[in-house]
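Engineer: First residue of the sequence shown? That's -11 in our numbering, and the numbers climb one at a time after it.
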Amino acid sequence: MKNRWTVQTERGDHSTSAVWGAVEEAAGRKTTALVLDTESEAVVAILASGMFFLKGPGIQDSMLFRIESSSRARIQGCMFIKAVEVADLVRLRENSILQEMRKLLELDMMEVGPESQSVSFQTTFAS
C-alpha cells in the first residue's frame, strides 16, 4: 500500500513519508496527527524547526503546519506528532518566496562553481 502522507521540512530540503497520518478540520482550521520514523534525517529537521509542509488526502496543495506536541509512539523508532495548520497567509507567502530564492541561489552556485565562491570586501573610509 502506498503511503498517502508526505511530510517536508519548511525549508524544503528534506522530505519523508509518514508511517500513519490523519487530518481533521475543526473551527475552520486543520489539525494533523502523524507517526514519523525517527531514523529519517527529515524528521530530525522537522522536529528542530517546529514547522513542516504536509501533502496528502484532503489537502489541495502542500499545507504548512506548526508542531504543537510530540512524543514517542508505541511503535519503536517512531514519533507521534500533533500539529495545527498555520493560518498566517503572510508567513506562507514569505515561505514560498524564500523557497524560490533558495532554488535560484542553488542554481547560481552550480553555475559559478566551487572555485569562485570566495567573496572579498573592500571598505572605503571618507576623510
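Cβ atoms here follow ideal geometry from the backbone N, Cα and C, with glycine treated the same way.
(1) Can you tell me which of the three DSSP states serine 37 falls into?
(2) In whole angstroms, what is the alpha-carbon distance linking aspartate 49 and glutamine 64?
(3) Are there 16 or more other CB atoms within 10 angstroms of the CB of isoleucine 69, so buried, or fewer, so exposed?
(4) Work out the CA separation of leucine 95 and methionine 39 for me, nearest whole Å.
(5) Please classify glycine 16 as buried or exposed, where buried requires at least 16 neighbouring CB atoms within 10 angstroms.
(6) For valine 32, name the three-state secondary structure that DSSP assigns.
(7) If I follow the unbroken beta strand (DSSP E) through serine 50, where does it start and stop?
(8) Sorted by chain position, which residues of the same chain lie with C-beta nearer than 6 Å to arginine -1's C-beta, five sequence neighbours on each side aside?
(9) Evaluate alanine 30 with the Cβ neighbour count: other Cβ atoms within 10 Å of its Cβ, from every protein chain shown; 16 or more gives buried, anything less gives exposed.
(10) In the structure shown, what three-state DSSP assignment does glutamate 73 receive?
(11) In whole angstroms, what is the alpha-carbon distance linking alanine 33 and phenylalanine 53?
(12) With distances taken Cα to Cα, identify the nearest neighbour of glycine 9 among Ser37, Arg(-8) and Leu86.
(13) Taking DSSP as the reference, what is the three-state secondary structure of glutamine 134?
Structural biologist: Straight from the coordinates:
(1) As a first step, residue 37 is located in the sequence shown; it is residue number 49 there, counting from the start. Three-state result, serine 37: helix.
(2) In the sequence shown, residue 49 corresponds to position 61, counting from 1. In the sequence shown, residue 64 corresponds to position 76, counting from 1. Roughly 31 Å separates the two Cα atoms.
(3) In the sequence shown, residue 69 corresponds to position 81, counting from 1. Burial state of isoleucine 69 is buried, judged by a 10 Å Cβ sphere holding 16 or more other Cβ atoms.
(4) To locate residue 39, count along the sequence shown from 1; it is residue 51. To locate residue 95, count along the sequence shown from 1; it is residue 107. So the two alpha carbons sit approximately 25 Å from each other.
(5) To locate residue 16, count along the sequence shown from 1; it is residue 28. Exposed: under 16 other Cβ atoms inside 10 Å.
(6) Within the sequence shown, numbered from 1, the residue matching residue 32 stands at position 44. DSSP places valine 32 in helix when its eight states are reduced to three.
(7) Indexing the sequence shown from 1 puts residue 50 at position 62. That residue, serine 50, is in no beta strand (DSSP E); it is neither H nor E in DSSP.
(8) Translated into positions along the sequence shown, residue -1 becomes position 11. Excluding positions up to five away in sequence, the list is empty.
(9) Within the sequence shown, numbered from 1, the residue matching residue 30 stands at position 42. It is buried - the Cβ of alanine 30 has at least 16 other Cβ atoms within 10 Å.
(10) Translated into the one-based positions of the sequence shown, residue 73 becomes position 85. It is a strand residue.
(11) Counted from its first residue, the sequence shown places residue 33 at position 45. Counted from its first residue, the sequence shown places residue 53 at position 65. Approximately 14 Å between the Cα atoms of the pair.
(12) If you number the sequence shown from 1, residue 9 lands on position 21. Of Ser37, Arg(-8) and Leu86, the residue nearest in Cα terms is Arg(-8).
(13) Outside the displayed range of the chain (-11 to 115) lies residue 134, so it cannot be described from this structure.
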